[in-house]
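Under our numbering, residues 3 to 262 are what the sequence shown spells out, in order. Backbone N, C-alpha and C define an ideal beta-carbon position, used for all residues, glycine too. Since the structure is predicted, the reported quantities are computational estimates derived from the model, not experimental observations. Okay, structure first, notes after.
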Amino acid sequence: MTSSGRRRIKIIGVGPGDPDQVTLEAVAAMRSVDYFLVTDKSGTAKGGMPDPLVRAREELLDRHLDRPAQVVKIADPPRERRAEFTGTDADYRAAVDAWHRARVEKYLAVLDEHPGDVGFLVWGDPAFYDSTIRVVDQIAAEVDVEIDVIPGISSVQLLAARHRIVLHEVARPLYVTTGRAALDAVEAGHDNIVVMLNRVVDLPGLGDWRIWWGGNLGTREEELVAGTVGEVLPAIEEARERLRAAAGWVMDIYLLRAPR
Numbered sequence: 003m004t005s006s007g008r009r010r011i012k013i014i015g016v017g018p019g020d021p022d023q024v025t026l027e028a029v030a031a032m033r034s035v036d037y038f039l040v041t042d043k044s045g046t047a048k049g050g051m052p053d054p055l056v057r058a059r060e061e062l063l064d065r066h067l068d069r070p071a072q073v074v075k076i077a078d079p080p081r082e083r084r085a086e087f088t089g090t091d092a093d094y095r096a097a098v099d100a101w102h103r104a105r106v107e108k109y110l111a112v113l114d115e116h117p118g119d120v121g122f123l124v125w126g127d128p129a130f131y132d133s134t135i136r137v138v139d140q141i142a143a144e145v146d147v148e149i150d151v152i153p154g155i156s157s158v159q160l161l162a163a164r165h166r167i168v169l170h171e172v173a174r175p176l177y178v179t180t181g182r183a184a185l186d187a188v189e190a191g192h193d194n195i196v197v198m199l200n201r202v203v204d205l206p207g208l209g210d211w212r213i214w215w216g217g218n219l220g221t222r223e224e225e226l227v228a229g230t231v232g233e234v235l236p237a238i239e240e241a242r243e244r245l246r247a248a249a250g251w252v253m254d255i256y257l258l259r260a261p262r
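Right, dumping it as structure tokens:
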């Protein structure tokens, strides 16, 4: 299946976790590559547990491929997360840049050993708080490759569908940010905010704001909570703990809206 001419890297958005939410375009892209390159975080979590997201990717491939998948796993380089080294925005970006570069080096080694077209399976959509495109752009600066990006259903879309809401009010904007910067967005005057990549859900002073929260959307363990922050924050924390116990990982997202 290797294409003539330059080899291809396909960055494939596969949705938040439900195999039924993988698009037909994504399935065609999966079937067009020779192998998949997957980072493996096994051993980095407490207890050295296997990486559940590796298995989740393998299940997607089993569901959608018409042949056994060839998966090349690499140990994910460690990422600096200590507060004393990532407290400022500049330090945080520097830590992420170093982590990306370490991934690039490992990916280049795999590409050197394994010819053919390669696929990267990205949760949700590659355009929403994922760095695969940035990392692959660095690879393309050193290796002659053609890059294709296949969009996927994002957790942002699925959150709205699950709660049966419109993400924005009439003629009003929607602001998307991370848990790290959520309170900064509030201070800047944003009042309708989608928040992704949460290590914790901590919203001091926002007890009367509305929140629509979802965890591990599209999976068997999916959890949903909605209400005012002051009322439902304990329920969100309980749901996060159930997810961590059941799935071994938590990917959550929420819409936060100021009272009207």
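- In the three-state scheme derived from DSSP, where H, G and I count as helix and E and B as strand, A85 is classed as helix.
- Separation of the CB atoms of P261 and W211 is rounded to 6 Å, and the pair is thereby assigned contact status at 8 Å.
- Assignment of G121 by DSSP, reduced to helix, strand and coil, places it in the strand class.
- With 16 or more other Cβ atoms from the protein chains shown falling within 10 Å of its own Cβ, R105 counts as buried.
- For G232, the uninterrupted alpha helix (DSSP H) run begins and ends at V231 to A249, by DSSP.
- In this structure, the beta-carbon distance from T180 to L199 falls below 8 Å.
- Around the Cβ of E225, a 10 Å sphere holds 16 or more other Cβ atoms; the residue is buried.
- It is roughly 9 Å from the alpha-carbon of R103 to the alpha-carbon of P79.
- Non-local beta-carbon contacts of A77 in its own chain, meaning distances under 7 Å to residues more than five positions away in sequence, involve D42 in chain order.
- With 16 or more other Cβ atoms inside 10 Å of its own Cβ, L219 counts as buried.
- With a minimum length of 4 residues, the unbroken runs of alpha helix (DSSP H) contained wholly in the stretch 162-218 fall at 184-189.
- Residue pairing for I155: DSSP places it in no beta bridge.
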